[in-house]
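Participant: As they're listed, the protein sequences go chains X and U.
Count the first sequence with numbering that gives the first Met the number 0 and you get residues 0 to 556, in order.
Count the second sequence with numbering that gives the first Met the number 0 and you get residues 0 to 556, in order.
Ideal Cβ positions, reconstructed from N, Cα and C, are used throughout, including at glycine.
The structure follows.
Number of protein chains: 2
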Amino acid sequence: MSKYTIGIDYGTLSGRAVVIDVANGNQVGDCVMDYPHAVISEVLPASGAKLPADYALQDPHDYLEVLGHIIPGAIKNAGINASDIIGVGIDFTCCTLIPVRADGTPLCFEEKYKNDPHAYVKLWKHHASQSYADRLNDIASERGEAWLDRFGGKISCEWMFPKIWQVLEEAPEIYNDAAYFIEAGDWLTWQLTGVQTRGYAYAACKAIYIIDEGGYPTEDFFAALDERLRHVVKDKLDAPMVFTGEAAGYVTQKASEWLGLPVGAAVACPMPDAHTAAMSLGLVNDGDMCAIMGTSSCYMLISEKDNSVPGICGTLRDTLTPGFFGNEAGLCCVGDHFAWVKDNIFTQEYLKEANERGTSVLKLLIEKAAAQKVGQHGLLALNWFNGNRNILVDSTLSGMILGLTLRTKPEDIMRALIEATAFGTRVIIENFRAHNAYVGKIIAAGGIARKDPFTMQVYADILNMDINVSDSSQAPALAGAIQAAAAAGEQNGGYATLRSAMDAMVGKCDKVYHPIPENVEVYNKLYAEYVRLHDYFGRGENNVMKTLRDISAQAEK
Amino acid sequence: MSKYTIGIDYGTLSGRAVVIDVANGNQVGDCVMDYPHAVISEVLPASGAKLPADYALQDPHDYLEVLGHIIPGAIKNAGINASDIIGVGIDFTCCTLIPVRADGTPLCFEEKYKNDPHAYVKLWKHHASQSYADRLNDIASERGEAWLDRFGGKISCEWMFPKIWQVLEEAPEIYNDAAYFIEAGDWLTWQLTGVQTRGYAYAACKAIYIIDEGGYPTEDFFAALDERLRHVVKDKLDAPMVFTGEAAGYVTQKASEWLGLPVGAAVACPMPDAHTAAMSLGLVNDGDMCAIMGTSSCYMLISEKDNSVPGICGTLRDTLTPGFFGNEAGLCCVGDHFAWVKDNIFTQEYLKEANERGTSVLKLLIEKAAAQKVGQHGLLALNWFNGNRNILVDSTLSGMILGLTLRTKPEDIMRALIEATAFGTRVIIENFRAHNAYVGKIIAAGGIARKDPFTMQVYADILNMDINVSDSSQAPALAGAIQAAAAAGEQNGGYATLRSAMDAMVGKCDKVYHPIPENVEVYNKLYAEYVRLHDYFGRGENNVMKTLRDISAQAEK
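Right under this line is the structure:
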C-alpha cells in the first residue's frame with residue numbers, strides 16, 4: 000500500500016503543493032494558487048495608504064488562504080486516500096519576516112495594527128531597510144566582528160536584523176508588542192504543528208547564526224546598534240532550533256480539520272526555497288555540486304570539510320545536506336546575457352528568417368552558433384554584464400568582447416557569451432579545487448539545462464566534466480516531500496534517514512553531456528586567455544571598468 | 000577676361016574633367032564618363048579567354064575614348080571659349096602600368112598582342128603579382144637594402160617592380176618588345192604633350208625612387224631578382240623626371256585637334272590620385288594636415304623637416320606640397336565600423352522607429368548617440384575591426400568593446416566606436432608630435448566630414464583641436480586644375496608659383512568645429528584609458544588577439 004508525502008513550495012507570488020509517492024519520488028498530484036495580494040509595494044490594501052519607496056510586504060492571510068486551498072486541492076488532484084499521507088514539508092522564501100503575538104497571531108491581523116505597514120510581512124526583497132544594513136555593517140566593521148568576513152564583509156538589507164531594526168526605529172510600539180519576529184516558513188510550520196520552532200537553515204543563511212561559533216552575534220554587538228536591541232535574540236527569537244531532515248512537529252487536530260491531513264503526520268523542518276535543489280537533485284557525496292542554470296546560475300557544492308574557500312558566497316554547515324558543509328557560489332548573469340544579445344544583436348535578414356521559419360531570434364542565433372567549430376568566431380568575452388558575484392565579488396566590473404572584426408556575426412557574439420559563462424563557471428570550480436574542496440559530480444537543472452543542449456555541451460567541453468541533467472521541474476516542492484518522508488521515519492512508512500529518502504525519491508538524471516576531447520583541447524587554450532583577462536581586469540591591474548563606471552555616474556548626474 | 004584650367008581625374012571606374020576659374024578656383028563646368036570596359040578581371044574581351052585569379056586589367060583605348068569625350072564635354076558644359084584655357088593637369092590611380100612601344104603605343108593595341116593579358120594595363124589593384132612581391136621582399140631583406148625600412152619593411156604587390164617582374168617571367172616577349180613600362184598618368188600626359196616624362200610622385204610612391212638616396216634601387220639589386228632585370232631602369236623607365244607644380248609639356252597640334260584645347264597650353268606634372276587632397280585642400284604651412292574621412296581615413300601632414308616618424312605609412316619629399324616632406328598615415332577602418340554596427344546592432348523597436356520616421360537605422364543610432372553626455376555610456380572600444388594601420392602597423396589586431404552591461408544600448412556601442420576612431424586619430428597625431436613633427440591645423444574632407452556633424456564634434460573634442468571642414472566635393476580634379484595654373488605661369492594668366500595658385504584657388508573652409516572644454520576634460524580621461532589598452536593589446540604585452548586569430552584560422556581549416 001503506497002504512502003505519500005506533500006511538498007509545499009511558497010515562492011514570491013504563489014504557493015504550490017505536490018503529492019509525492021514515497022516509494023519512488025513520483026509526483027501523483029499537485030495544486031497551485033497565487034497569493035491574492037501578491038507583493039504589496041505601492042499601497043497598503045487595508046488603509047489605502049501609499050507605501051514609501053523600496054517596500055515589499057505581504058499579508059499572512061494570503062498564506063493561510065493558499066494553504067487551505069492547495070493541500071486539499073493537491074490531495075484531490077492525486078486521487079489518493081488522505082490517510083496515506085505520512086508527512087508534509089515546507090520551503091519558503093527568506094528572510095520573509097512576520098511580527099507575531101505569543102500565540103503566533105500576526106500583529107497585522109489585529110484591528111489596532113492593520114493600518115500599520117510595519118505590522119505586515121517584510122518580504123525577502125523589502126529593501127527599505129538598506130540604511131539599517133549600512134549602519135549595521137559599519138558598526139560590525141568598526142568592532143571587528145569576526146563573522147563579517149564569512150558573509151563577504153557585508154550583511155544584506157534583505158536579512159533579518161536590518162528588518163527588525165527598521166521596525167524598532169520606525170514603529171517601536173510594534174517592536175514592543177511583537178512577542179516574536181519569525182520567518183514565514185517557520186510560522187507556517189507552526190500553524191501545522193501548534194509549536195513554535197526555528198529552522199536552522201533560515202537562521203544560518205539570513206540571521207548570522209553560526210553554529211560553530213556560539214550561534215547569533217553577541218548581546219554587546221546588538222547593544223552597539225541600539226541599546227534596546229541588546230536582548231533581541233532572547234526576547235524576540237527564542238524557540239527550539241530544528242535541523243534539516245528532522246521533524247519540526249506533527250499535524251495537530253486543528254490543522255487536520257482545516258486541511259484534511261491526518262493528525263500526527265510528520266511536519267519536516269522548513270527550508271529556504273533557494274536550498275531545495277541540493278536535496279531534490281540529490282547531493283549525497285563529498286564533491287557533489289548542483290548547478291541551477293537560468294537568468295543567473297547558482298552552484299551548490301557539498302564538502303566533508305570546511306575548507307574556507309575565498310571568493311564564494313559562503314560555507315555553512317548542514318544547510319544543504321546534513322552532515323556536510325554547503326558551499327554556495329554563482330554567476331549573477333547567465334541567461335540575461337543571451338537575452339541581451341537577442342534583443343540587441345541580429346540582422347534584418349535573421350529577423351526575416353526567424354519569422355519565416357516560425358522560430359525566435361534567440362533560437363536562431365543559438366542554432367547558428369551551434370553550427371560553428373570551437374574557436375572559429377575568434378572572439379573572447381568577459382561575462383560581467385551584471386558585475387561578478389564569484390569569485391571576484393565585485394559588482395562594479397562590466398562586460399567585454401574582444402576579437403571583433405568586420406566579419407563578426409551576431410551568432411559569434413552569442414556563442415562567445417555562452418562560452419564566457421562557462422569559463423566563469425570553470426573559474427569557480429578551479430577555485431574550489433585550489434582550496435582543497437573536491438568537485439566530483441555536476442547535476443544541472445533549471446531552464447537552460449532542460450532546454451538548451453548546445454549550451455550544456457559547451458559547459459561539458461569547457462569544464463571537461465560530465466554534466467548530468469535532471470528533468471525535475473518541481474524540484475523545490477519535491478525537496479519538502481523528501482524531507483517529510485525522512486521526518487515521518489521508517490516506522491510510519493517513510494525512511495530511517497534523509498540519505499535513504501534521497502536515494503529512493505530523487506529522480507535519476509535522464510541526460511548526460513560528455514566532454515568531446517578535441518573541443519576540450521581548444522577550450523583549454525581559450526580558457527587560459529580568459530583567465531588572463533579575468534585577472535587583468537578583475538584583480539586591480541587595470542581598473543578601467545571602475546573608471547568608466549565612475550565617469551558614467553558623473554555624466555548622469 | 001577670365002582664364003581657365005582643366006583638372007582631369009582618372010579613377011578606377013571613370014574619368015572626370017572639371018573646368019576651373021583660375022581667379023578663384025570656382026568650378027564652371029564638368030563632364031564624366033565611365034570606362035567602357037571598366038575593370039577587366041574575369042575575361043579578356045578581345046579573346047574571350049578567362050583570366051587567372053587576382054587579375055585587374057584595363058584597356059588604354061578606354062582612357063583615350065574617355066578623354067576625347069570629357070574634355071570637349073566639360074568645355075561645352077562650362078560655356079567658355081576654349082582659347083581661354085591656359086592649362087590642364089591630370090591625376091590618375093597608380094601604380095597603373097602600361098607596356099608601350101618607343102612611340103608610346105600600348106602593346107595591346109597591336110594585333111600580335113591583343114590576346115595577351117600581359118600586354119594590357121595592370122591596374123593598381125592587380126594582385127596576381129603577389130608572389131613576385133614576396134620574392135622581392137625576401138631578397139631585399141636578405142641583402143639589407145636600406146630603403147626597405149622606409150616602406151614599413153614591405154613592398155606591396157601593387158607597386159611597379161613586382162608587376163614588371165611578372166611580365167618578364169610570364170611573358171618575356173612582351174617584356175622584350177616593350178620599350179617602356181609607364182604609369183598611366185604619365186602616358187596620358189604624353190598623349191597631350193608628345194613628349195615622354197615621368198611624374199616624380201609616382202616614382203617616389205610606387206617605384207622605390209628615393210630622391211635623396213640616388214633614385215631607384217641599384218642595378219645589383221635588380222640583378223639579384225633576375226639577371227635580365229639588371230638594366231630595367233635604364234632600359235624601360237628612362238625619361239625626364241618632372242616635379243609637382245612644374246609643366247610636363249605643352250598641348251601639341253595633334254592633341255589640340257583631337258580635344259579642342261589650345262595649342263601650347265601647359266600640361267602639369269601628373270599626380271597620384273591619392274595625393275590630390277593635399278593640394279585641393281591647401282596644405283601650405285608646416286604642420287598642416289588633411290583628414291580624408293570615409294570608410295577608412297587618410298591623414299596627410301606636411302613638415303619642413305624629415306623627422307623619421309615611426310609607425311606611419313611613410314615620409315616622402317615633395318610628393319604632397321613641393322618644398323615639404325609629406326607624411327602619410329591613416330586608420331584602415333572608420334565608417335566601416337559604423338556600418339557594422341547599423342547592420343548588426345539595433346533593436347526591433349529602433350527598426351520600427353526608423354521606418355516610421357523615414358530615416359535609416361544608421362542615422363537613428365547616431366542621433367540617439369549624439370543626445371548623450373560624454374562618458375555616459377560607460378564604454379571604451381578599440382577601433383581595430385580591420386587591424387591597425389598606424390601607428391602599430393599590425394593587421395592581426397582586432398576590435399574590442401569594454402564596459403558592457405545589461406543596460407548597454409545599440410547607440411552606446413555606435414558612439415563608443417565613433418569615439419574609438421577619434422582616439423586612434425589622436426594616437427597618430429601625438430605620435431607625430433612626440434617625434435617633433437608639428438601638427439597645427441586640420442582640414443577635413445570626405446563623406447563623414449561633410450555629412451556627420453556629431454562625429455566631427457567628437458573629433459574636435461577628443462583631439463582638442465579645431466577641425467576645419469572643406470565642402471569641396473571635386474577635390475581630386477581641382478588639384479589638377481591648380482597644378483595646371485602654376486604650370487601655365489603668370490605670363491599666361493596663371494600663377495608664378497604653386498603656392499600662389501593654391502592661395503587663390505583652394506576653397507575656403509565653410510565650417511569649423513571647435514572643441515568644447517567640458518567635453519575635452521572628460522575625453523582626456525577616457526583617452527588615457529584608451530592608450531593603456533592600445534598599448535596592452537597592441538604592443539605585445541598580451542597577444543590574445545593574435546592567439547584568437549590563430550585558433551580561428553585553425554578551426555576554419
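List the residues of chain U that X:T546 touches, going by C-beta distances under 8 Å, in chain order.
Facilitator: Correct list: K524 and E528.
Participant: Run the CB neighbour count on X:A48, radius 10 Å, all protein chains shown included, and call it buried at 16 or more, exposed below.
Facilitator: With fewer than 16 other Cβ atoms within 10 Å, it is exposed.
Participant: Measure the C-alpha to C-alpha separation of U:D393 and U:A328 and round it to an integer number of angstroms.
Facilitator: C-alpha separation (whole angstroms): 13 Å.
Participant: Sort X:P116, X:A265, X:T196 and X:F220 by Cα distance to X:A170 and report the nearest one.
Facilitator: Checked all of X:P116, X:A265, X:T196 and X:F220; the closest Cα to X:A170 is X:P116.
Participant: To the nearest angstrom, how far is the alpha carbon of U:L167 from that of U:A223?
Facilitator: Taking the straight line from one Cα to the other gives about 14 Å.
Participant: Please look up how many angstroms separate the CB atoms of U:L43 and X:F384, rounded, as I've assumed it's under 8 Å.
Facilitator: About 55 Å separates the two Cβ atoms, so there is no contact after all.
Participant: On the DSSP letters alone, give me the boundaries of the alpha helix (DSSP H) that X:F453 sits inside.
Facilitator: Unbroken alpha helix (DSSP H) run through X:F453: P452 to L462.
Participant: Would you call the CB atoms of U:T188 and U:I89 closer than 8 Å?
Facilitator: In contact: U:T188 and U:I89 (Cβ atoms closer than 8 Å).
Participant: Rounded to a whole number of angstroms, what is the C-alpha to C-alpha distance between U:Q375 and U:D411?
Facilitator: Taking the straight line joining both Cα atoms gives about 9 Å.
Participant: Determine the extent of the beta strand (DSSP E) in which U:C204 is found, giving its start and end residues.
Facilitator: Not the beta strand (DSSP E): U:C204 falls in the alpha helix (DSSP H), residues Y199 to K205.
Participant: Could you tell me which chain U residues have their CB closer than 9 Å to the CB of X:D335, listed as they occur along the chain?
Facilitator: Neighbours of X:D335 on chain U, chain order: L405.
Participant: Nearest to X:R498 by alpha carbon, out of X:K510, X:A483, X:Y512 and X:V511?
Facilitator: It is X:A483 whose Cα lies nearest to the Cα of X:R498.
Participant: Please work out which residues of its chain come closer than 8 Å, Cβ to Cβ, to U:G24, disregarding the five sequence neighbours upstream and downstream, and give them in chain order.
Facilitator: Taken in chain order, the residues that qualify are L477, A480, I481, A503, M504, V505 and G506.
Participant: Rounding to the nearest angstrom, what Cα-Cα distance links X:V17 and X:F324 in this structure?
Facilitator: Taking the straight line from one Cα to the other gives about 28 Å.
Participant: For U:F160, list the residues DSSP reports as bridge partners.
Facilitator: Note: U:F160 sits in no beta bridge, so no partner.
Participant: Which residues, in chain order, does the segment 335-364 of chain U contribute to contact with chain X at a C-beta distance below 9 Å?
Facilitator: Listed by position, the residues of the segment 335-364 of chain U near chain X (Cβ gap below 9 Å) are D335, H336, A338, W339, D342, N343, I344, F345, T346, Q347, L350 and V360.
Participant: Hey, does X:F558 have any beta-carbon neighbour from chain U nearer than 8 Å?
Facilitator: There is no way to answer for residue 558 of chain X, as the model of chain X reaches only from 0 to 556.
Participant: Measuring CB atoms only, is the segment 122-138 of chain X touching the segment 146-156 of chain X, in the sense that at least three cross pairs come out at less than 8 Å?
Facilitator: With the cut-off at 8 Å, the segment 122-138 of chain X and the segment 146-156 of chain X touch.
Participant: Would you check if the distance between the CB atom of U:I70 and the CB atom of U:L258 is smaller than 8 Å?
Facilitator: Result yes, Cβ atoms of U:I70 and U:L258 sit closer than 8 Å.
Participant: Closest Cβ-Cβ distance between X:H376 and chain U: below 8 Å?
Facilitator: True, the Cβ-Cβ gap to chain U drops below 8 Å.
Participant: List, in chain order, every chain X residue whose beta-carbon is nearer than 9 Å to that of U:P409.
Facilitator: Correct list: N343 and I344.
Participant: As a quick exercise: from U:Y529, U:V31 and U:T196, pick the residue whose alpha carbon is nearest that of U:L381.
Facilitator: Ranking U:Y529, U:V31 and U:T196 by Cα distance to U:L381 puts U:Y529 first.
Participant: Name, in chain order, the residues that DSSP records as bridge partners for U:I412.
Facilitator: According to DSSP, U:I412 bridges with nothing at all.
Participant: Tell me whether X:N80 is buried or exposed, calling it buried when 16 or more other Cβ atoms sit within 10 Å of its Cβ.
Facilitator: Burial call: exposed.
Participant: By alpha-carbon positions, which one of U:T320, U:Q252, U:P216 and U:L260 ends up nearest to U:L236?
Facilitator: That would be U:P216, whose Cα lies nearest to the Cα of U:L236.
Participant: What's the C-alpha gap between U:P35 and U:N175?
Facilitator: Distance between the alpha carbons of U:P35 and U:N175 is about 29 Å.
Participant: Less than 8 Å between CB atoms is the rule here; does X:R449 satisfy it with respect to chain U?
Facilitator: For X:R449, the answer is no, since every Cβ of chain U falls outside 8 Å of its Cβ.
Participant: Please compile the residues from chain X whose C-beta is within a distance smaller than 8 Å of the C-beta of U:K372.
Facilitator: Residues of chain X passing the Cβ test: A554 and E555.
Participant: Is there a Cβ from chain X that is less than 8 Å from the Cβ of U:G402?
Facilitator: Yes, its Cβ sits closer than 8 Å to a Cβ of chain X.
Participant: Using only the alpha-carbon positions, how far apart do U:D509 and U:Y249 sit?
Facilitator: Cα to Cα, U:D509 sits roughly 35 Å from U:Y249.
Participant: What separation, rounded to the nearest whole angstrom, lies between the Cα atoms of U:Y494 and U:L396?
Facilitator: Straight-line Cα distance between these residues: approximately 48 Å.
Participant: Cβ atoms of X:S13 and X:M0: under 8 Å apart, would you say?
Facilitator: Taking 8 Å as the Cβ cut-off, X:M0 and X:S13 do not qualify as a contacting pair.
Participant: Is there at least one Cβ from chain U nearer than 8 Å to X:N541's Cβ?
Facilitator: Closer than 8 Å to some Cβ of chain U, the Cβ of X:N541 qualifies, so yes.
Participant: Closer than 8 Å, Cβ to Cβ, to anything on chain X: give me those residues from the segment 284-304 of chain U, in chain order.
Facilitator: Result list empty, no residue passes.
Participant: Alpha carbon to alpha carbon, how far is X:A419 from X:Y458?
Facilitator: About 10 Å.
Participant: DSSP three-state label for X:Q195, please.
Facilitator: Correct three-state label for X:Q195: coil.
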